[in-house]
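>
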Amino acid sequence: MILGRDMRPNRMFSAVFVLWLAISSAGAGAGSLAEDKQALLDFLTAVPHGRGLNWRRATDVCSRWTGVTCSADGSRVIAVRLPGIGFSGPIPPNTLSRLSALRILSLRSNRLSGPFPADFANLTTLTGLHLQFNSFSGSLPSHFSPWKNLTALDLSFNDFNGSIPASVSNLTQLTALNLSNNSLSGQIPDLKLPNLLFLNLSHNHLNGTIPKSLQRFPNSSFSGNDLSPIYPLTPSSLPAPAPLPPSPSQVPRAVPMRKLSESAILGIAVGGCVFLFVMLALFLYLCCSRGGEESFVSGKGSKGYRSPEKAVTGSQDVNNRLVFFDGCPFAFDLEDLLRASAEVLGKGSFGTAYKAVLEDSTTVVVKRLKEAGVGKKEFEQQMEVVGRIKHENVVELKAYYYSKDEKLMVYDYYSQGRKRGQDRIPLDWETRLKIALGAARGIARIHIENNGKLVHGNIKSSNVFLGNQQYGCVADLGLPSIINPMVPPVSRTAGYRAPEVVDTRKASQASDVYSFGVLLLELLTGKSPIRVVGGGDEVIHLVRWVHSVVREEWTAEVFDVELMRFPNIEEEMVEMLQIAMNCVTRMPERRPKMPEVVRMIEGVRRFDSGNRPSAEFRSEGSAPTPAQDAQAISAP
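Mature numbering (1 follows the signal peptide of the UniProt record, and there is no 0) puts the sequence shown at residues -30 to -1, 1 to 606.
#1: By the DSSP assignment, the beta strand (DSSP E) with arginine 81 in it spans what residues?
#2: Cβ atoms of threonine 94 and alanine 9: under 8 Å apart, would you say?
#3: Which partner residues of histidine 511 appear in the DSSP bridge assignment?
#4: Determine the burial state of glutamate 44: buried for a count of at least 16 other Cβ atoms within 10 Å of its Cβ, exposed for fewer.
#5: What are the start and end residues of each continuous beta strand (DSSP E) run of 3 or more residues lying completely inside the stretch 322 to 385, in chain order?
#6: Reducing DSSP to helix, strand and coil, say where leucine 153 ends up.
#7: So who's on the other strand from arginine 51, going by DSSP bridges?
#8: Using the three-state DSSP reduction, which class does glutamate 400 fall into: helix, strand or coil?
#9: If you draw a straight line from the alpha carbon of alanine 28 to that of leucine 11, how long is it in whole angstroms?
#10: Grouping DSSP H, G and I as helix and E and B as strand, with all else coil, what is alanine 310?
#11: Look up threonine 39 in the DSSP assignment and say whether it is helix, strand or coil.
#12: Give me the Cα-Cα distance between alanine 526 and phenylalanine 320, rounded to the nearest whole angstrom.
#13: Leaving out five residues on either side along the sequence, give the residues of the same chain with a beta carbon under 6 Å from the beta carbon of arginine 68.
#14: I need the straight-line Cα distance from leucine 496 to phenylalanine 13, nearest angstrom please.
#15: So, isoleucine 74 versus glycine 98, is the Cβ gap smaller than 8 Å?
#16: Drop a sphere of 10 angstroms on the beta-carbon of glycine 412, count the other beta-carbons inside from all chains shown, and report buried for 16 or more, exposed for fewer.
#17: Does histidine 517 come out as helix, strand or coil in the three-state DSSP assignment?
#18: If valine 364 and cysteine 443 are in contact, beta carbons under 8 Å, what's the gap, nearest whole angstrom?
#19: Is the CB-CB distance between aspartate 124 and histidine 100 below 8 Å?
#20: Which of the three DSSP states, helix, strand or coil, is assigned to cysteine 443?
#21: In whole angstroms, give me the CA-to-CA distance for tyrosine 383 and glycine 54.
#22: Does the Cβ-Cβ distance between valine 472 and valine 513 come in under 8 Å?
#23: If you compare alpha carbons, which of Asp375, Leu403 and Pro18 is closest to glycine 573?
#24: Using the three-state DSSP reduction, which class does leucine 93 fall into: helix, strand or coil?
#25: Going by CA-CA distance only, name the one from Gly437, Gly427 and Asn421 that's closest to leucine 407.
#26: In whole angstroms, what separates the C-alpha of phenylalanine 90 from that of serine 431?
#27: Within the same chain, show all residues whose beta-carbon is closer than 8 Å to that of leucine 3, passing over the 5 residues directly before and after it, in chain order.
#28: Got a sec, what are the start and stop residues for the alpha helix (DSSP H) valine 138 sits in?
#29: Roughly how many whole angstroms lie between the Cα atoms of leucine 96 and alanine 71?
#30: Report the rounded CA-to-CA distance for valine 425 versus proline 469, giving the unit in angstroms.
#31: Nearest CA to the CA of glutamate 376: which residue from His113, Leu77, Arg358 and Gly345?
#32: In whole angstroms, give me the CA-to-CA distance for tyrosine 324 and valine 434.
#33: Identify the residues that DSSP records as bridge partners of asparagine 170: which are they?
#34: Quick check: the Cα distance between glycine 422 and alanine 146, rounded to an integer number of angstroms?
#35: Which of the three DSSP states is assigned to lysine 118 in this structure?
#36: What is the rounded straight-line gap between the Cα of alanine 409 and the Cα of leucine 315?
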């Protein structure tokens, strides 16, 4: 009894001590956002990488760092997605392993090497680990039990060797496992994974038989190994012996055949023809239906590109990867683009533009080009020239992709613009001046690139977007040198083409000036470069129409009626009209150079004090809607 009383304080102290240790351990494991930030910086400093990342100590890791996702309350880093950054060498210990709240780690499509990081065992909250398309080597971890929350594991296209650990069976939440294209050997363990939906162990050095628990997966999951058939031969599965031929006495007598009547033969022939016709019609219908579907990439190009984080089955050509330019803030690869939701923005003579929204909500514009007339080397050289242009009035090329079947260009998405049609937002005069000046500055910048030889070649209103301050930004440059488009003679695009381009089909800087002049006329008149009237019997070219009106000295009739509500701008509009007329001069050598055009537009108005329309109109025109059909400026 006395002993019991003496022991109570000791037991109470022990309980308090154990509780304190538990709280201390939980606090130490919890970490903080500042510690996560330092761990990422330590990783970035220690690992060589080809592309620059916008990771700065002074910026917010949750909202400003490329490839980093934080928890809803912004307290921890929960996802790091850095595919195709160009990381090389081994992952340094005690860097990424300090991200104790990390759920998703994707470092695919880099050049990382060395063994599987042993301290990744500290990442106990991981649900997705994606290290495919690297050069990791050595054996797989012997114990997978620390990652009991994993639902997707992709270590394909590396140099891992040794056997597949039986401890993989501890990953009971796993739905996708991809260990293909390594050098794994030995027998496949009996992986009893109840939630596994996708398995790929192909192209290794595995032998033996396929465990019964995995025989529900297709043969392609195990191809490229030295494995026994999935279903071993049993007596019941052997084919039955062929019956002996009957003896002559058992051969039945031939039954006399009755001839078909002519009407029966005719009926069979007609029925066969009808059947063939129906089948042919069905085949043509299916072909036409499939051909009319819009796809972000062609069927040929999209084969084999499925979600690597939800089960990767295809392979990736390491020589045909998405190429990013230095300083690009994006962190995605071709696989991300292929599974992104895509919306057609517009179709042009050079290809189709898509708005693509990736899984991390990054929004980009992807230009899928028509068949290029040059090889890979010339294509890449042109992309490098275009990608070097960094200017506030030029939509920057962020990345490109080249393969035999697909040519893609990736740009920033500009949400500001205006729709065409009855619900479009009218532009005031000052905004139109800013559009003209911004576009002119952008084209002038393009013309000094490549030793003053670069040509835009596709200037039109749908390739001019509004920046943050409503200055024009020029997109879609440099394509005529790699694609020779077929432009119908009666189309909006044809209205921008200089007379010499119609004849020679060769764009020049002088033809860019002409196209810009047509763009100025659109801003001034609110009319399209080509209009078809009278039920298609008459085609009105904007340039010719303006010439005819000015010749008759009806200059005021040229301007958009929407501009008439603004006072004291007629003189400026006339000056801009003169600039436009100089640009659309028929003789190329008589057109001004773009730097001169910029100076002339700058002389029209000082942009520190613009016109002041009514408050009602300001509120109407200050918030442009997204240019869903990529027509950024022109009126109907």
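Idealized CB from N, CA, C, for every residue including glycine.
Considering the structure as presented:
#1: 81 to 84
#2: no
#3: Ile500
#4: The residue you asked about is not glutamate; residue 44 is glycine in the sequence shown. That one is exposed.
#5: 333 to 339, 367 to 372 and 377 to 382
#6: Strictly speaking, residue 153 in this sequence is serine, with leucine absent from that position. Of the three classes helix, strand and coil, the one that applies to serine 153 here is strand, per DSSP.
#7: Ser76
#8: helix
#9: 12 Å
#10: coil
#11: strand
#12: 37 Å
#13: Ala9
#14: Inspection of the sequence shows that residue 496 is occupied by glycine rather than by leucine. Going by the C-alpha atoms only, they are around 55 Å apart.
#15: yes
#16: buried
#17: helix
#18: 7 Å
#19: yes
#20: strand
#21: 21 Å
#22: no
#23: Leu403
#24: coil
#25: Gly437
#26: 52 Å
#27: Val31, Cys32, Cys40, Gly44, Ser45, Arg46 and Val47
#28: No alpha helix (DSSP H) holds valine 138; DSSP gives it neither H nor E.
#29: 8 Å
#30: 17 Å
#31: Gly345
#32: 16 Å
#33: Asn148
#34: 53 Å
#35: coil
#36: 21 Å
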